Amino acid sequence: MGFIATTVDIILNSLVLGGVLLIVSVGLNIIYGLNRVMNLAHGSLYALGAFAGYTIVAVGANYFIALLLAPIVVGVVGLVIERILIRPMRQRHMIYTLILTYGLMFVMDGLLKYFWGVETRFIHLPEFMRQTVSLGPVSYPVFRLVILIGIAAVVAALMLLLGRTRLGINMRAASDIPEMVSSCGINVRGVQISAFVLGCMLAGTAGVLAGPLFTVFPDMGHEMLISSFVVVVIGGLGSLRGAIVAALLVGFVQTLAEFFITDLAMVMVYMLMALILVFKPLGILGEGKFE
Amino acid sequence: MIKLENIDTYYGSSHVIQDLSLEVEAGAAVSILGRNGVGKTTTLRSIMGLTPPKDGRVLIGDEEVAGWAPHKIARLGVAYVPAERHIFPALSVEENLKLAEANAEREGAWTLERVYEYFPVLGERRRSGGTKLSGGEQQMLAIGRALMGNPSIMLLDEPSQGLSPILVAKVAQIVSELCKEYGITLLLVEQNFRIALAMAERHYLMGTKSKIQGEVSSQEIIDDQELIKRTLAI
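Here the protein sequences line up with chains F and U, keeping their order.
Heads up: the first sequence begins at 1 in our numbering, then just goes up one per residue.
Heads up: the second sequence begins at 1 in our numbering, then just goes up one per residue.
See the structure below:
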């Protein structure tokens, strides 16, 4: 491959990886921002999304149907988690939900293995997505481009939701001063629950999007959870703009490192995180809210 | 109408409000005067449901609201303007106002346009971030946001905090006029008796542990300048 071809390839792969990371970590961020719950089961919800997508396709539906349905499945599971596990802990210190969701992660991973087994699964894609397309000097898999477009659509929808809708306004307000939101006549608990479900749906969406890229297996959420923590730390907890910059940055660093020094790729990512923690503790844009 | 009957409110483990009773009749403007830390803010928070009283009754009109969620109390037509303003930093000026509009289920005429008529500066800066405004503008935004809920009762906590005397006078005048014009019941909490005089006609003098030391009219304060000093040591 020539230099230009390699460059285009690296850029596209970075965007795909960064995009998946972005959707997962924005979900984590929204859940934390509104509920002050650091959801350690987030990676497992991501895996659940991938498995739900796999199963929906396996029973005969189109991949795009799975892309719509799997997040809803994960959202319903998220609602059940909130109602049964998070609700009783709301008045307590964050450490309770931290440990609770840590346990939930193992329970969910166990259930994934129980229902789907430990072997790696492949989501069956429509014929056209299995082709490659020539982009100038590069021949690139169509499914990666479709996923890139899917990621862009999700991010655009999310920005519209947060920026333009009533729920988005309520969420942005309640992430800073929930008490004042309720004083304005809004059921702030409802806003918090919606944010929890939305965050879970984003994890699920990322899972179906990532399934064809990284394959589907029960522990797929672990690495993604750690990587999304890295994104959240670099971007600053609670900062959407920071998360976008950080996800792309991590995507690029990891992709570049994988290309040049494969074995040290994740090492580079963590060194980047360590540098940011030391020099920009509130995230790369300085917008983080640690409490 | 607001009526508190023997309420007890705790902030954490400290018993801030002890056996407090007071009443504000519909359409009246009443202040609670007292030093820092006597429980003035907690009184308003008890009414709003933000720190619900452990004991006693809170009446808003005919409803007994002690223990209700704050948003349900707000929907009865109670608006709260905290001393810190609590402007939402992630929202623009206009979004700060819109947020309060949506969930006002009562019939009423407050719209963005009308708030901008009263506070033109908010209209000019409608796209700015809420907390990018100056202190005085933020106070106006907090009041405008309260109006967007079409309140019949306004709870106003120390409007003078952090504002210059000229701005305070202006804010006091606007709020008083608004409340009179629209029949909004005003319960004001202040340390500064001049502002209380400018905005309210009747005053509760509150001492430590929320103990009501007296109830006086504006005229009585004007006639006896030492009254406030004697009772409250302000």
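Note that CB positions come from ideal geometry on N, CA and C, so glycine has one too.
Bear in mind the structure is a predicted one, so any value in this text is a computation, not a measurement.
Check the Cβ-Cβ distances between F:Met159 and every residue of chain U, and say whether any is below 7 angstroms. On the first sequence, residue 159 of chain F is found 159 positions in, with the first residue counted as 1. Chain U, which has no Cβ nearer than 7 angstroms to the Cβ of F:Met159, makes this no.
With 8 angstroms as the C-beta to C-beta threshold (strictly closer), list the residues of the stretch 161-187 of chain F near chain U in chain order. Arg166, Ile169, Asn170, Arg172, Ala173, Ser175, Asp176, Ile177, Glu179, Met180, Val181, Ser182, Ser183, Cys184, Gly185, Ile186 and Asn187
Could you work out which residues of chain F lie near U:Tyr80, taking near to mean beta carbons separated by less than 9 angstroms? Residue numbering aside, residue 80 of chain U sits at position 80 when the second sequence is read from its first letter. In chain order: Met180, Ser183 and Cys184.
Please report the straight-line C-alpha distance between U:Ser218 and U:Ser13, rounded to a whole angstrom. Stepping through the second sequence from its first residue, residue 218 of chain U is reached at position 218. Stepping through the second sequence from its first residue, residue 13 of chain U is reached at position 13. When rounded, the distance between both Cα atoms is 36 angstroms.
Within a Cβ cutoff of 8 angstroms, which residues of the same chain sit near U:Leu163, ignoring the five residues on either side of it in sequence? The residue given as residue 163 of chain U occupies position 163 in the second sequence. Only Gly135, Gly136, Gln139 and Val171 meet the Cβ criterion.
Are the CB atoms of F:Val250 and F:Val232 nearer to each other than 7 angstroms? Position 250 of the first sequence, counted from the first residue, corresponds to residue 250 of chain F. Position 232 of the first sequence, counted from the first residue, corresponds to residue 232 of chain F. It is not a contact, given that the beta carbons lie outside the stated cut-off.
With a threshold of 16 other CB atoms inside 10 Å of the CB of F:Thr255, please say whether the residue is buried or exposed. Indexing the first sequence from 1 puts residue 255 of chain F at position 255. So F:Thr255 counts as buried.
What would DSSP say about F:Gln192, mapped onto helix, strand or coil? Along the first sequence, one-based indexing puts residue 192 of chain F at 192. Looking at F:Gln192 - three-state DSSP - the assignment turns out to be helix.
Can you give me the Cβ contacts of F:Gly27 inside the same chain, cut-off strictly under 6 angstroms, excluding the 5 residues immediately before and after it? Position 27 of the first sequence, counting from 1, holds the residue named residue 27 of chain F. Same-chain partners within the cutoff: Gly199, Leu202 and Ala203.
Between U:Met140 and chain F, is there a C-beta pair that is closer than 7 angstroms? For this step, residue 140 of chain U is matched to residue 140 along the second sequence. Chain F contact via Cβ: absent.
Between U:Glu95 and chain F, is any beta-carbon pair separated by less than 7 angstroms? Working through the second sequence from its first residue, we reach residue 95 of chain U at position 95. Taking Cβ atoms only, chain F reaches closer than 7 angstroms to U:Glu95, which makes this a yes.
How should U:Asn103 be labelled, buried or exposed, when 16 other C-beta atoms within 10 angstroms of its C-beta is the threshold for buried? Here residue 103 of chain U refers to the residue found at position 103 when the second sequence is read from its first residue. Low confidence applies to U:Asn103: its pLDDT is 46, below 50, so where it sits in the model is not reliable enough to give any reading.
Can you have a look at U:Glu226 and say buried or exposed, based on whether 16 or more other CB atoms are within 10 angstroms of its CB? On the second sequence, position 226 is the one that residue 226 of chain U refers to. The residue in question, U:Glu226, is exposed, as its Cβ has fewer than 16 Cβ neighbours within 10 Å.
Contact between the stretch 231-245 of chain F and the stretch 41-59 of chain F (3+ Cβ pairs under 8 angstroms): The stretch 231-245 of chain F is not in contact with the stretch 41-59 of chain F.
Between the alpha carbons of F:Val293 and F:Ser175, how many angstroms are there, rounded? What the structure shows of chain F is the stretch from 1 to 291, and residue 293 of chain F is not part of that stretch, so it cannot be assessed.
Using the Cβ count rule (16 or more neighbours within 10 Å means buried), how would you classify U:Gln173? The residue you call residue 173 of chain U lines up with position 173 of the second sequence. Looking at its Cβ environment, which holds fewer than 16 other Cβ atoms inside 10 Å, U:Gln173 is exposed.
Can you give me the C-alpha to C-alpha distance between F:Asn170 and F:Gln91, rounded to a whole angstrom? Working through the first sequence from its first residue, we reach residue 170 of chain F at position 170. Working through the first sequence from its first residue, we reach residue 91 of chain F at position 91. Answer to the nearest angstrom: the Cα atoms are 21 angstroms apart.
Determine the DSSP secondary structure at U:Leu186, reduced to helix, strand or coil. One-based indexing of the second sequence puts residue 186 of chain U at position 186. U:Leu186 falls in the strand class under three-state DSSP.
Residue-chain proximity (U:Arg75, chain F), Cβ-Cβ < 7 angstroms: As a working mapping, residue 75 of chain U is identified with position 75 in the second sequence. With 7 angstroms as the cut-off, U:Arg75 counts as an interface residue toward chain F.
CB-CB length for F:Phe143 against F:Pro212, believed under 8 angstroms: Here the question's residue 143 of chain F lines up with position 143 in the first sequence. Here the question's residue 212 of chain F lines up with position 212 in the first sequence. Beta-carbon to beta-carbon, F:Phe143 and F:Pro212 are separated by about 5 angstroms, close enough to satisfy the 8 angstroms threshold.
CB contact check: U:Val70 to chain F, cutoff 7 angstroms: Translated into the one-based positions of the second sequence, residue 70 of chain U becomes position 70. In the sequence as displayed, the identity of residue 70 of chain U is Pro instead of Val. Yes, U:Pro70 lies at the interface with chain F (some Cβ there is under 7 angstroms from its Cβ).
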